[in-house]
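Numbering (my numbering), first residue to last: 13 to 296.
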Ligand code: NAP
């Protein structure tokens, strides 16, 4: 079997085009269009690329984006003061703070300082908590994007065995909650998990979010499984790869996301969906 590609780039473009139609309709009705504040602290090259992609997607969708590029020396108090101003600005629907932040700034404090209604990354404990009790509002973008991809090939995920490899606050944990909500039987693996190959071989759906190239071997994938690779790793030769041994895995899987061009663009599409949703709440 050779897997079919779950094309995140194409799906994200379709979503962004749909958002543009909705934004154009607002503009045509002389209504305020959604607006996203994008904060980048420092000049980490990978972060700069992610932020650029997000700003471009906003442009394409007609969503306003206001850039706040701050120096790496920014203090936590300065960043919190900016977020406070944006929280109170009625023209700002979403606030995105690109991670990672410089050492002097505690990311969790920053995330908690964003008003949950403007937390379009879906990282705030309030929003993760709502997902945990099956009342999602603003959902974490990457797991949400993965769910959109999975739902495009699975009409019904109830009863499927799902393995999430990685248990971070912003990806692995909300990913497990999303899959639970879809009715899957979910296992979440972390760095202490002992029998990963055995767990993977039982999984109908495998989502990997660790950040280690080829961590998940192709031969661990169950025949016919669906594989979503969240990992983004830069190899010494400059190429980007995921966490799954792609070429071998694709011989066994039914569906697999490529890296790049899989989950990454879906994360950006989810961010815009969240911004539109936040705008709807703010203007209702
Ligand atoms: P993170 O915060 O570093 O978390 C990594 C997780 O992987 C931790 O829970 C860790 O376990 C677990 N882990 C480490 N080694 C493992 C092993 N051998 N077996 C099983 N689990 C293991 O990373 P993250 O922020 O979740 O990001 C993960 C990857 O996704 C990175 O490559 C990142 O660049 C990428 N990413 C991509 C997107 C996208 O849009 N495509 C978005 C976000 C992140 P412990 O909890 O035990 O430490």
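Even glycine gets a Cβ: it sits at the ideal position worked out from N, Cα and C.
Quick check: what's the CA-CA separation for residue i versus residue j?
i           : j           : result
residue 251 : residue 245 : 8 angstroms
residue 225 : residue 256 : 7 angstroms
residue 45  : residue 293 : 13 angstroms
residue 22  : residue 70  : 16 angstroms
residue 43  : residue 265 : 46 angstroms
residue 174 : residue 192 : 9 angstroms
residue 127 : residue 285 : 17 angstroms
residue 14  : residue 291 : 42 angstroms
residue 234 : residue 95  : 45 angstroms
residue 258 : residue 249 : 17 angstroms
residue 108 : residue 48  : 7 angstroms
Taking 7 angstroms as the threshold (C-beta atoms), are residue j and residue i in contact?
i           : j           : result
residue 189 : residue 217 : no
residue 215 : residue 239 : no
residue 200 : residue 211 : no
residue 35  : residue 76  : no
residue 145 : residue 177 : no
residue 106 : residue 84  : no
residue 122 : residue 183 : no
residue 185 : residue 194 : no
residue 125 : residue 98  : no
residue 18  : residue 269 : yes
residue 153 : residue 288 : no
residue 232 : residue 247 : no
I'd like to know if residue i contacts chain C, where contact means its C-beta is closer than 7 angstroms to some C-beta of that chain.
i          : result
residue 93 : The chain inventory of the structure shown lacks chain C, comprising one protein chain alone.
Inset, instruction - Please confirm if the stretch 158-169 is in contact with the stretch 123-134, defined as three or more CB-CB distances below 8 angstroms between the two stretches. - result: no
Legend entry - the stretch 261-274 touching the stretch 56-68, judged by at least three CB pairs closer than 8 angstroms: no
Inset, instruction - Could you tell me whether the stretch 86-93 touches the stretch 21-38, using the rule of 3 or more Cβ pairs below 8 angstroms? - result: no
Inset, instruction - Could you pull out every unbroken alpha helix (DSSP H) segment of at least 4 residues lying fully inside the stretch 33-78, listed in chain order? - result: 57-73
Inset, instruction - Report the residue ranges of all alpha helix (DSSP H) runs contained in full by the stretch 110-164; include only those spanning at least 4 residues, in chain order. - result: 119-125, 137-144 and 153-163
Inset, instruction - Write down every uninterrupted run of the alpha helix (DSSP H) in the stretch 171-211 whose length is 4 residues or greater and which is fully enclosed by it, in chain order. - result: 184-193
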